[in-house]
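Colleague:
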Amino acid sequence: MAGHSKWANIQHRKGKQDAKRGKIFTRLIKEITVAARLGDKDPASNPRLRLAVEKAYAQNMPKDNVERAIKRGSGELDGVNYVEIRYEGYGINGAAVIVDCMTDNRTRTVADVRHAFTKYGGNLGTDGSVAYQFKHCGQMFFAPGTNEDALMEVALDAGAEDVISHDDGSIEVVTGPHEFMDVKQRLESAGFKPEMAEVVMKPAVDVSFTGDDAVKMQKLLDALEDLDDVQEVYTNAVIED
């Protein structure tokens, strides 16, 4: 058994996403556009695009919006040329933070990210300063009460790297980034639908935050996530209730 408030953190994150659906649409359109530009425009042969399209439909994005984003990415329609940039930095008490962005203006983006770090008690680091503390992988979470033995059997048979049971009863499945979609589909075919499924930067070790430090760290994370050019924020900080 491992973990502490994993499930509470997952539900908190989902609630925040639901409250910011307009921003979620914008971020998903960017992700679809870039995924289509960097790979095949057919989601069936482009795992990154397939995941982005799945997430878009899960958020009830209209099919026309998805198809236009794919066409912009593949060059069939004119559109903004987004580039991907990763920033690394430190939060409260040196907590590690990774900020993944998509932007058409690097100067604006780095200024916004640096300002958020500085304003809320962190600081922007250099490339590689914290990334070594994270693993690029697929991550799925299943609700407490899920049949762990049955889930584990399907997951490992499908090629998952690890199945982790947390103290709160939730179950985490970890995969390689390239195996993620295949494992996810195998699990869903067997009746196991994850509450959250992403390709992420997973911290090697979590650091718990409570009290004033937790409040300060959450303000920093919120400020970064609210920036228009930010796609994802990863941290080893776990905010305890």
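Just remember that the numbering used here sits 256 ahead of the position in the sequence shown, which is counted from 1. All residues carry an ideal CB built from backbone N, CA and C; glycine is no exception. Only a predicted model underlies this, so the values are computations on that prediction, with no experimental measurement involved.
1) Do the CB positions of leucine 476 and glycine 378 come within less than 7 Å of each other?
2) Which of the three DSSP states is assigned to glutamate 435 in this structure?
3) For proline 433, which residues in the same chain have their Cβ closer than 7 Å to its Cβ, ignoring the five residues on either side in sequence?
4) Near lysine 311, which residues of its chain fall below 7 Å by C-beta distance, leaving aside the five closest residues on each side in sequence?
5) Spatial neighbours of valine 439 within its chain, please: C-beta separation below 6 Å, excluding the five flanking residues on both sides.
6) On the CB-based measure, 16 or more other CB atoms within 10 Å of its CB, does aspartate 334 come out buried or exposed?
7) Would you grab the beta carbon distance between lysine 458 and phenylalanine 373 for me? Rounded to a whole angstrom, and I think it's under 8 Å.
8) Could you check whether phenylalanine 448 and isoleucine 495 sit closer than 7 Å to each other, using their CB atoms as the reference points?
9) Roughly how far, in whole angstroms, is the beta-carbon of valine 353 from the beta-carbon of valine 322, given that I think they are within contact range, below 8 Å?
Modeller: Put simply:
1) Result yes, Cβ atoms of leucine 476 and glycine 378 sit closer than 7 Å.
2) The answer is coil: DSSP assigns glutamate 435 none of H, G, I, E or B.
3) Around proline 433, the same chain offers His392, Cys393, Gly394 and Val455 as residues with beta carbons nearer than 7 Å, after the five sequence neighbours per side are excluded.
4) Leu284, listed in sequence order.
5) Excluding residues within five positions, the ones whose Cβ falls inside 6 Å are Ala414, Gly415, Ala416 and Thr431.
6) Exposed.
7) At roughly 22 Å, the Cβ-Cβ gap does not stay under 8 Å, so lysine 458 and phenylalanine 373 are not in contact.
8) Against a cut-off of 7 Å, the Cβ pair of phenylalanine 448 and isoleucine 495 comes out as no contact.
9) Contact between valine 353 and valine 322 does not hold, since their C-beta atoms are separated by about 30 Å, which reaches or exceeds 8 Å.
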